[in-house]
Amino acid sequence: MSKLEEEIQVTDFIVKDKLSRDLVVLKRQHEICNNVANDSYINKATLETLNSKINLVRTQVNALLEKQKHSQNNSNDKLAPFRQQAAIIVRKKDSLLENYRNAMNRYNVLQTQVEVGLHTCQNQYIQSLNFEFFIQ
Numbered sequence: 027m028s029k030l031e032e033e034i035q036v037t038d039f040i041v042k043d044k045l046s047r048d049l050v051v052l053k054r055q056h057e058i059c060n061n062v063a064n065d066s067y068i069n070k071a072t073l074e075t076l077n078s079k080i081n082l083v084r085t086q087v088n089a090l091l092e093k094q095k096h097s098q099n100n101s102n103d104k105l106a107p108f109r110q111q112a113a114i115i116v117r118k119k120d121s122l123l124e125n126y127r128n129a130m131n132r133y134n135v136l137q138t139q140v141e142v143g144l145h146t147c148q149n150q151y152i153q154s155l156n157f158e159f160f161i162q
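Shown next as structure tokens:
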């Protein structure tokens, strides 16, 4: 009798709790699938409008962040000068890094030009030696 009662309790739990939760999850998945199936496909114009909206929201967020920074800087923030100095140093490092990269690119270009020039000079010198040998 106790086994039968336990079995009844287990099946009651399965029917009331577990199956009802599973049924709710399946209904949600069904609704999502129907929404996806019934929606029209996304075309290029829709993507462009979404991108423009995203860019608009980004600009608004950036403006709000700038406002927040300015309001924080206006308060009695003792670290503000150090932050400004750190920002200046970062900008200087970035500009120096860019100048270094440009100089290295220019150096590499000049190095290849020198190598090509040396190669052509050597070829001309060898040709002149061959010509002199041929004349003698």
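Taking the working numbering, the leading residue of the sequence shown gets 27, the next gets one more, and so forth. No residue lacks a Cβ here, since even glycine has one placed at the ideal position from N, Cα and C.
Per DSSP, N64 is one residue of the alpha helix (DSSP H) stretching across 45 to 64. Shown here, Y67 sits in coil according to DSSP, grouped into three states, outside any helix or strand. In the displayed model, L90 falls within a helix according to three-state DSSP.
Cα atoms of R109 and H96: separation of roughly 13 Å, rounded to the nearest angstrom. In this model, D43 and Q35 are separated by some 11 Å (Cα to Cα).
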